[in-house]
Amino acid sequence: MILLISDLHLEEERPDITRAFLDLLHGRARGAQALYILGDFFEAWIGDDGMTPFQRSIGEALRELSDGGTAIFIMHGNRDFLLGKAFCKLAGARLLKDPSVVQLYDEPVLLMHGDSLCTRDLGYMKLRRILRNPVVLFVLRHLPLRSRHRLARKLRSESRAQTRMKANDIVDVTPEEVPQVMQQFGVRTLVHGHTHRPAIHKLQIGDQAARRIVLGDWDRQGWVLQVDEQGFQLAAFDFVNPQLALPGA
1 MILLISDLHL
11 EEERPDITRA
21 FLDLLHGRAR
31 GAQALYILGD
41 FFEAWIGDDG
51 MTPFQRSIGE
61 ALRELSDGGT
71 AIFIMHGNRD
81 FLLGKAFCKL
91 AGARLLKDPS
101 VVQLYDEPVL
111 LMHGDSLCTR
121 DLGYMKLRRI
131 LRNPVVLFVL
141 RHLPLRSRHR
151 LARKLRSESR
161 AQTRMKANDI
171 VDVTPEEVPQ
181 VMQQFGVRTL
191 VHGHTHRPAI
201 HKLQIGDQAA
211 RRIVLGDWDR
221 QGWVLQVDEQ
231 GFQLAAFDFV
241 NPQLALPGA
C-alpha cells in the first residue's frame, strides 16, 4: 500500500488538521510502503533555519514513521518551496523533484504539485518563474528571517486576494497542457494537487486511455489517494472520524 496526500497547509492555527494528519501517521500510514506528500504540506515555509517548534514536531512525527519502515517523499508546493534538506533530514524524508515519474505497483506515474499546469494564470506563472530561479532562491534563503516573514505574509495576502478575483478556469489546470506533459513523460497516470478540486478525470491520449487524479486539500475534511494491488482509490475522511470513507463504501 502506498499513500499520497497534498495541500494540508499545516499551521498552528489549524490544530484540527494537525490532529488528523498525526492520526494518519499513527494509523493507516503505519502499514504503508511509502507516503508521498505532493506540496503545500505547510501553509508557509520561510526556510529551514526559521523552523518553528510546531514545524519541528511535524518533522519528528514523520521521522517516527520513517524509522518504522515507511519511505517518505516530499515535493515542493507554491507555499513551501523553501523547504530544504535540513527538514528532510529531520523527517527521514527524501525531497522529490517536481515533476517526477515513480513506479507505483509496476506502473509509471507522473507526480506533480500541479501549479505548473495552470498556464492560463499568466501573472502567477511569471511570479513562479522568478521565485524558482536559483539566484532568487539563494537570495531568499539568505535574507534576514524578519524580512522573509514579511515577504511570506505579503505573498500569501496577495495570492488570496488575486485568487478571489480570477475566473475559476484561470486558477485550474490548462486542459491542453495535461496530455502534452503526460506524453512528454510517457505515462498514462498523472497525480497532482494544488487546485483543491479532488477528482479522477478520464482522458484519451492518442489511442490510449489515461487518467488525471487530483488530490484534495485538507480543510473541512482530509483526502488520501491509496494505491495497492486493487488500483487507485481516492478517498475523503472526516477529521472527527479518520476512518477512510472509500468511494462506494
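In terms of UniProt numbering, the sequence shown is residues 1 to 249.
Every residue, glycine too, gets a C-beta built ideally from N, C-alpha and C.
ARG28 versus ASP217 - alpha carbon distance
In a straight line, the C-alpha of ARG28 is about 18 Å away from that of ASP217.
Taking only three categories from DSSP, how would you classify LEU83?
LEU83: coil per DSSP, three-state reduction.
Which residue wins for smallest C-alpha separation from THR195, given the options VAL109, VAL214, ARG220?
Considering only alpha carbons, the answer is VAL214.
Using 8 Å for Cβ pairs, my map puts LEU35 next to LEU3. What's the rounded Cβ distance?
Yes, they are in contact, since the Cβ atoms of LEU35 and LEU3 sit about 5 Å apart, within 8 Å.
Short Cβ contact (8 Å threshold) for ARG148 with GLY68
Contact: no.
Do you know offhand how far ARG197's Cα is from GLY222's?
Distance between the alpha carbons of ARG197 and GLY222 is about 13 Å.
For the beta strand (DSSP E) that LEU117 lies in, which residues bound it at each end?
Neither: LEU117 is in no beta strand (DSSP E) and is coded neither H nor E.
Buried or exposed (CB count within 10 angstroms, at least 16 for buried), GLY114:
With 16 or more other CB atoms across the displayed protein chains lying within 10 angstroms of its CB, GLY114 is buried.
With 16 other Cβ atoms within 10 Å as the buried cut-off, status of LEU246
Residue placement at LEU246 is poorly supported in this model, since its pLDDT is 44, which falls under 50; the coordinates are not used for a value here.
So, with DSSP's three-state summary, where would you put ALA44?
Note: ALA44 maps to coil in three-state DSSP.
Which of helix, strand or coil does DSSP assign to GLY222?
Annotated three-state conformation of GLY222 is strand, per DSSP.
Grouping DSSP H, G and I as helix and E and B as strand, with all else coil, what is HIS142?
Coil at HIS142, not helix or strand.
Exposed or buried, which one is ALA249 when buried takes at least 16 other CB atoms within 10 Å?
Reliability fails at ALA249, whose pLDDT of 36 lies under 50, so the model's placement of it is uncertain and the value that follows must be treated cautiously. Classification for ALA249: exposed.
Counting C-beta neighbours from all protein chains within 10 Å, is the total for PRO15 16 or more, i.e. buried, or is it exposed?
So PRO15 counts as exposed.
Looking at the unbroken alpha helix (DSSP H) that takes in HIS26, where does it start and where does it end?
Counting along the chain, HIS26 sits inside the alpha helix (DSSP H) bounded by residues 15–26.
DSSP three-state label for TYR124, please.
The answer is helix: DSSP assigns TYR124 an H, G or I state.
If you draw a straight line from the alpha carbon of LEU143 to that of GLY231, how long is it in whole angstroms?
Taking the straight line joining both Cα atoms gives about 45 Å.
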